[in-house]
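Presented below is the structure to which this report refers.
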Amino acid sequence: MTDAAIAVNNLAFKYGALKVIDDMTMEIESGTSYGLLGPNGAGKTTLIRLMVGLLKPAGGNVLCLGKPPTRSMAKNIGYMPQLPALYSELSVEQNIDFFGRIYGLKDSKKRWERVNEVIKVVDLWEKRKTQIVNLSGGMKQRVSLACAIVHQPSLIFLDEPTVGLDPELRVHFWDYFTDLTKAGHTLIISSHTFDDAAHCQRLAFLRLGRVVAQGTPAELRAATGNKEASLEDAFLYFIKHDEVKENVQ
Amino acid sequence: MSSSTLNVARRVILQVVRDRRTIALIIVAPLVIATVAGFSIPDKMMLDNAAPAILATLIIFFGFLITGISFLRERTQGTLERMLVSPISRMDIVAGYLLGLLLFALLQTLIMFFYMVYVLSINYQGDLWQILVFQMLIGIVAVCMGTFFSAFARNEFQMIQFIPLIIVPQIFLSGLFIQTSQLPYVLEWISKFLPLTYGVEGIKALMQQGQSLLDIGKDIGILAAFAAGFLVLASLTLRQKS
Ligand SMILES: Nc1ncnc2c1ncn2[C@@H]1O[C@H](COP(=O)(O)OP(=O)(O)OP(=O)(O)O)[C@@H](O)[C@H]1O
Ligand SMILES: [Mg+2]
Numbered sequence: 001m002t003d004a005a006i007a008v009n010n011l012a013f014k015y016g017a018l019k020v021i022d023d024m025t026m027e028i029e030s031g032t033s034y035g036l037l038g039p040n041g042a043g044k045t046t047l048i049r050l051m052v053g054l055l056k057p058a059g060g061n062v063l064c065l066g067k068p069p070t071r072s073m074a075k076n077i078g079y080m081p082q083l084p085a086l087y088s089e090l091s092v093e094q095n096i097d098f099f100g101r102i103y104g105l106k107d108s109k110k111r112w113e114r115v116n117e118v119i120k121v122v123d124l125w126e127k128r129k130t131q132i133v134n135l136s137g138g139m140k141q142r143v144s145l146a147c148a149i150v151h152q153p154s155l156i157f158l159d160e161p162t163v164g165l166d167p168e169l170r171v172h173f174w175d176y177f178t179d180l181t182k183a184g185h186t187l188i189i190s191s192h193t194f195d196d197a198a199h200c201q202r203l204a205f206l207r208l209g210r211v212v213a214q215g216t217p218a219e220l221r222a223a224t225g226n227k228e229a230s231l232e233d234a235f236l237y238f239i240k241h242d243e244v245k246e247n248v249q
Numbered sequence: 001m002s003s004s005t006l007n008v009a010r011r012v013i014l015q016v017v018r019d020r021r022t023i024a025l026i027i028v029a030p031l032v033i034a035t036v037a038g039f040s041i042p043d044k045m046m047l048d049n050a051a052p053a054i055l056a057t058l059i060i061f062f063g064f065l066i067t068g069i070s071f072l073r074e075r076t077q078g079t080l081e082r083m084l085v086s087p088i089s090r091m092d093i094v095a096g097y098l099l100g101l102l103l104f105a106l107l108q109t110l111i112m113f114f115y116m117v118y119v120l121s122i123n124y125q126g127d128l129w130q131i132l133v134f135q136m137l138i139g140i141v142a143v144c145m146g147t148f149f150s151a152f153a154r155n156e157f158q159m160i161q162f163i164p165l166i167i168v169p170q171i172f173l174s175g176l177f178i179q180t181s182q183l184p185y186v187l188e189w190i191s192k193f194l195p196l197t198y199g200v201e202g203i204k205a206l207m208q209q210g211q212s213l214l215d216i217g218k219d220i221g222i223l224a225a226f227a228a229g230f231l232v233l234a235s236l237t238l239r240q241k242s
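Going down the list, the sequences are from chains A and B. Position 81 of the first sequence, counted from 1, bears residue number 81 in my numbering, the numbering being contiguous throughout. Position 172 of the second sequence, counted from 1, bears residue number 172 in my numbering, the numbering being contiguous throughout.
Okay, structure coming up:
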């Protein structure tokens, strides 16, 4: 319990009458990469928005680093939304610099060093003076990641960070994510690809706002009872199971 | 003023400055409108009479438009959410926006005012600096109002609809065409709840009757209250959703 970066307890959320998060409980250890895997509409984005405090739970609670997510701990949190939320008139470096500023990187020399560092991480050095409107979709995605990590948060929420990236960059991103967890950062990553899932240390399979299974990729594969099962097989296995349970009820 | 407010303001200004077409429109639009207004009233006396109210109306109109749309974009493109999860406060966000866009609202105000004075050669009384200070206050109200109302629009299309809904009634009821005291009773009563009414009243007193800011304390007080009210309401619209 003590080193849980995030604890979600009986969390519930509704959009109008639609139950989007339904009695969800999970715990995420610090220094790990945790994957939220589920089909479109499973509630991944909603869960992340609850975790960062953008939405207020209808029931249960979320504890980030032991406390409900509030502004007082915001500097420890990085959030990359599903759609690259950037200022299209500004350049790559102006966007990253702005987020560095509002996250309290006051010393301008240190801030610029850090801005340049993350620009190199996302491999956009040549494009650093380019306005966002003139970038490709995948490049915007990379700037968006850079904005989320410029202040070196210990807890990083990434909503589908690898969508639209070419295979080479995907590998590069995952190498970087692995380095981050080794350095003690906690990563919460949503995705629908099994390529991403295989890289995560722990996974939660989500369906209709519920956790249908959680564990390490190996545990989840083993749970199917089939030694050869891939993560994809495991996912389908648990989803089927959940559907059957639902029909019985 | 906190450094977070200034950081937001700086970014807002940078955004406008980096968009050449927007900058050009910000400068050209008031010139075009002031020209049309000026030449549509060939009678010199009538123009002198109408100019102050026209100015106040245009300041509200432009200020509302520029902030309403920019703040709405902040919401729809998701950058507002990014700011909301950051350590800066809701008040810093709104105040920073206000400060940044106020610069452009003031630029437009100055363009219109000096164009009317020097090109259309309207006559006015009162101190120049006092008139400018009062116009600045009207600009602040407009910017606060735009930020607040942007919360009720889901997209640009809806935001544009707010102009006929929020701005046009104020034009008819503020004393631009007919003095508020000559309006039907109900409308006169409504006009007392509209900021433009006090903007028009104050600017007429300054420019036509040569009064000073001290004489129009009531208008200044009410406009300041409107600005503060909209500012607080705007920051409340940034609350956590449930
Ligand atoms: N603003 C909203 N208003 C109403 N319903 C919403 C809203 N946002 C999401 N929903 C609903 O909540 C459910 C979960 O949506 P959510 O965006 O969390 O899914 P997701 O798992 O992130 O999907 P995706 O993989 O497509 O990103 C969906 O049924 C969706 O229709
Ligand atoms: Mg999503």
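We put the CB at the ideal spot given by N, CA and C, even for glycine.
Notebook entry, point to check: Are any of the Cβ atoms in chain E nearer than 7 Å to that of Ile-41/B?
Noted result: Going by chain labels, chain E is absent from the structure shown, which instead holds the protein chains A and B.
Next item on the list: Please report how far the alpha carbon of Asp-242/A lies from the alpha carbon of Val-212/A, in whole angstroms.
Entry: Translated into positions along the first sequence, residue 242/A becomes position 242. Translated into positions along the first sequence, residue 212/A becomes position 212. So the two alpha carbons sit approximately 7 Å from each other.
Check: Going along chain B in order, which residues have a C-beta closer than 8 Å to the C-beta of Glu-93/A?
Finding: Along the first sequence, one-based indexing puts residue 93/A at 93. Here the premise fails: no neighbours, minimum Cβ distance about 12 Å.
Next item on the list: Check the Cβ of Ile-102/A against every Cβ in chain B and list those closer than 8 Å, keeping chain order.
Entry: Numbered from 1 along the first sequence, position 102 holds the residue referred to as residue 102/A. Simply Ser-4, Asn-7, Val-8, Met-83, Ser-86, Pro-87, Ile-88.
Next item on the list: List in chain order the residues whose CB is within less than 5 Å of at least one heavy atom of ligand 1.
Entry: Tyr-15/A, Val-20/A, Asn-40/A, Gly-41/A, Ala-42/A, Gly-43/A, Lys-44/A, Thr-45/A, Thr-46/A
Check: Just curious, the beta strand (DSSP E) that Asp-107/A is in, first and last residue?
Finding: If you number the first sequence from 1, residue 107/A lands on position 107. Looking at the DSSP string, Asp-107/A is not in any beta strand (DSSP E), and its letter there is neither H nor E.
Next item on the list: Measure from the C-beta of Gly-78/B to each C-beta in chain A and report whether the shortest distance is under 7 Å.
Entry: In the second sequence, residue 78/B corresponds to position 78, counting from 1. Closer than 7 Å: yes.
Check: Looking at Gln-141/A and ligand 2, is the gap between the Cβ and the nearest heavy atom below 6 Å?
Finding: Mapped onto the first sequence, residue 141/A falls at position 141. No; taking the cut-off as 6 Å, the Cβ of Gln-141/A has no heavy atom of ligand 2 nearer than that.
Check: Should Ile-6/A be flagged as near chain B, meaning a C-beta pair shorter than 7 Å?
Finding: Residue 6/A sits at position 6 when you count from the first residue of the first sequence. Output row for Ile-6/A: interface = no.
Check: Applying the criterion that 16 or more other CB atoms from any shown protein chain within 10 Å of the CB defines a buried residue, is Glu-219/A buried or exposed?
Finding: Locating residue 219/A in the first sequence gives position 219, counting from the first residue. Glu-219/A comes out exposed.
Margin query: So for Gln-201/A, helix, strand or coil by DSSP?
Written below: Looking up residue 201/A in the first sequence gives position 201. Gln-201/A carries a coil assignment under DSSP once its states are collapsed to helix, strand and coil.
Next item on the list: Report yes or no: is there a C-beta of chain A within less than 7 Å of the C-beta of Arg-18/B?
Entry: Residue 18/B sits at position 18 when you count from the first residue of the second sequence. Yes, Arg-18/B counts as interfacial toward chain A.
Checklist line | Spatial neighbours of Ile-59/B in its chain, beta-carbon cut-off 8 Å, leaving aside the 5 residues before and after | finding: Looking up residue 59/B in the second sequence gives position 59. Ala-105, Gln-108, Thr-109, Met-112, Gln-135, Ile-138, Gly-139, Ala-142, Gly-199.
Item checked: Residue nearest to Val-20/A in terms of C-alpha spacing, selected from Gly-43/A, Met-80/A, Glu-27/A, Leu-37/A -> Position 20 of the first sequence, counted from the start, is the residue given in the question as residue 20/A. Out of Gly-43/A, Met-80/A, Glu-27/A, Leu-37/A, Gly-43/A has the C-alpha closest to the C-alpha of Val-20/A.
Notebook entry, point to check: When DSSP labels each residue in this structure, what does Thr-45/A get in the three-state scheme?
Noted result: Residue mapping note: residue 45/A aligns to position 45 of the first sequence, counting from 1. In the structure shown, Thr-45/A sits in a helix (DSSP, three-state: H, G or I).
Check: Is Leu-220/A helix, strand or coil when you go by DSSP?
Finding: Residue mapping note: residue 220/A aligns to position 220 of the first sequence, counting from 1. In the structure shown, Leu-220/A sits in a helix (DSSP, three-state: H, G or I).
Notebook entry, point to check: When the Cα of Val-12/B is compared with those of Gly-217/B, Met-116/B, Ser-86/B, Ile-69/B, which residue comes out closest?
Noted result: Residue numbering aside, residue 12/B sits at position 12 when the second sequence is read from its first letter. Looking at the Cα atoms, Ile-69/B is the closest of the given residues.
Notebook entry, point to check: Going by C-alpha distance, which of Ser-212/B, Ile-33/B, Gln-179/B is nearest Phe-62/B?
Noted result: Numbered from its first residue, the second sequence carries residue 62/B at position 62. Here the closest residue by C-alpha is Ile-33/B.
Check: What is the DSSP secondary structure of Leu-244/B, reduced to helix, strand or coil?
Finding: No statement about residue 244/B is possible, as the shown extent of chain B runs from 1 to 242 and does not include it.
Item checked: Residue interval of the beta strand (DSSP E) (run including Ala-196/B) -> If you number the second sequence from 1, residue 196/B lands on position 196. The question names Ala, yet the displayed sequence has Leu at residue 196/B. In the DSSP annotation of this structure, Leu-196/B is not part of any beta strand (DSSP E); the continuous alpha helix (DSSP H) holding it starts and ends at 195-207.
Notebook entry, point to check: When the Cα of Gly-78/A is compared with those of Asn-116/A, Pro-153/A, His-172/A, Pro-217/A, which residue comes out closest?
Noted result: In the first sequence, counting from the first residue as 1, residue 78/A sits at position 78. Nearest option by C-alpha distance: Pro-153/A.
Checklist line | Closer than 6 Å: Gln-211/B CB and nearest ligand 2 heavy atom | finding: Against the second sequence, residue 211/B aligns to sequence position 211. Every heavy atom of ligand 2 is 6 Å or more from the Cβ of Gln-211/B, so no.
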